[in-house]
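The numbering of the sequence shown is full-length UniProt numbering, which starts it at 1 and goes up by one.
The C-beta atom is built at its ideal place from N, Cα and C for all residues, glycine as well.
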Amino acid sequence: MTYKFTIIVPVYNEEDNLERVETELLKYLNIATVTTSVLFVNDGSSDNSQALIESICKRNDAFEYILFKNNKGLSAAIKAGFDHVDSELVGYIDSDLQTTPEDFNILLEHIDSYELVTGVRSNRKDSFVKNMSSKIANGIRRAFTHDGMDDTGCPLKVIRTDYAKRIPMFRGLHRFLPAMIMLQNGRVTQITVQHFPRVAGTAKFGVWNRLLGPLMDCFAYLWMKKKYINYEVEKSSKQNL
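What follows is the structure, encoded as structure tokens:
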């Protein structure tokens, strides 16, 4: 079957969540506004996540997986997903399911006019420290990138795959996806989505990841922006063959 949209699900030690992930994604596939598949990217989990992923994929034709040999981080998992998919559109959602797959339909309503549509989590169900550190990090990032995005950490996005494949990803750059699409002269927008408490597993990011790490990544982004190569081919001899 040919799919128009692929949902990437990065996984790192989420064995307690995966049964629920399967249930919620199957529900979404039945109401998705475009033909949709799911790609698990197992970021070198050390628990029973891989066995569960393989069982899920075996009983669901629309599910596939990639397994990393070692843990490489969220940005690497997302990049591997971008490299692997061949659908017209690609998105991702965290396996903690603090956002719901059904909100992909809200984002998909706008993708015809943009190259990236990202969610903005409303009424976030996180701790005070997590919320405040995220707000500070988003403010710092906006000051560096001028991307106009309020919540790039929201794990619910839809991107045109040809743009996603051209993003030069490195560790930490998943927070800069809208800015990297803008470097390609792509259009970006943000849409409010639902947010829920984590019900299983443990968070993989602390204050360091949300504040000091992103600040250092901002300088990496500025270097990349200065060096970034962006071109369009107007004509090619191959077009006449």
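- [ ] Quick one: give me the first and last residue of the alpha helix (DSSP H) that Thr-161 is part of.
- [x] 161-165
Task: Own chain, CB closer than 7 Å to Thr-161, minus 5 neighbours either side, in chain order - done: Val-85, Ser-87, Glu-88, Leu-89 and Val-90
TODO: With a threshold of 16 other CB atoms inside 10 Å of the CB of Asp-112, please say whether the residue is buried or exposed.
DONE: exposed
Open item on the list: Three or more C-beta pairs under 8 Å: does that hold for the region 65-82 against the region 95-102?
Closed with: no
Open item on the list: Looking at Asp-43: is its Cβ nearer than 7 Å to the Cβ of Tyr-3?
Closed with: Not closer than 7 Å, so no.
Task: Three-state secondary structure (DSSP) of Gln-184 - done: coil
Open item on the list: Alpha carbons only, please: which of Asn-17, Leu-25, Glu-15 and Asp-16 is nearest the one belonging to Thr-6?
Closed with: Leu-25
- [ ] Could you please give the first and the last residue of the uninterrupted alpha helix (DSSP H) stretch that includes Tyr-28?
- [x] 18-31
Task: Buried versus exposed, by CB contacts within 10 Å (16 or more), Ile-78 - done: buried
Open item on the list: the ligand NAP and Phe-63: does any heavy atom of the ligand fall closer than 6 Å to the residue's C-beta?
Closed with: In the structure shown, the ligand NAP is absent, as is every other ligand, since no ligand is present at all.
TODO: Kindly indicate which three-state DSSP category Lys-58 falls into: helix, strand or coil?
DONE: helix
Task: Range covered by the alpha helix (DSSP H) that runs through Phe-82 - done: 74-84 is the extent of the alpha helix (DSSP H) around Phe-82.
TODO: List the endpoints of the continuous alpha helix (DSSP H) containing Phe-104.
DONE: Per DSSP, Phe-104 belongs to the alpha helix (DSSP H) from 104-108.
Open item on the list: Helix, strand or coil, according to DSSP, for Gln-50 in the structure here?
Closed with: helix
Task: Residue span of the beta strand (DSSP E) that contains Asn-42, given as start and end - done: 36-42
Open item on the list: Gly-186 and Tyr-163 - do their beta-carbons sit closer together than 7 Å?
Closed with: Yes. Within cutoff.
Task: Nearest-angstrom Cα separation, counted from Pro-168 out to Ile-53 - done: Their Cα atoms are separated by approximately 28 Å.
Open item on the list: In whole angstroms, give me the CA-to-CA distance for Ser-122 and Lys-227.
Closed with: Taking C-alpha positions only, Ser-122 is separated from Lys-227 by approximately 35 Å.
TODO: Excluding the 5 residues preceding and the 5 following Glu-115 in the sequence, name in chain order all residues of the same chain whose CB lies nearer than 6 Å to its CB.
DONE: Arg-160, Tyr-163, Ile-181, Gly-186 and Arg-187
Task: Minimum C-alpha distance to Phe-63 - residue among His-110, Asn-70, Ser-236 and Thr-36 - done: Taking the Cα of Phe-63 as reference, the smallest distance to any Cα among His-110, Asn-70, Ser-236 and Thr-36 is reached at Thr-36.
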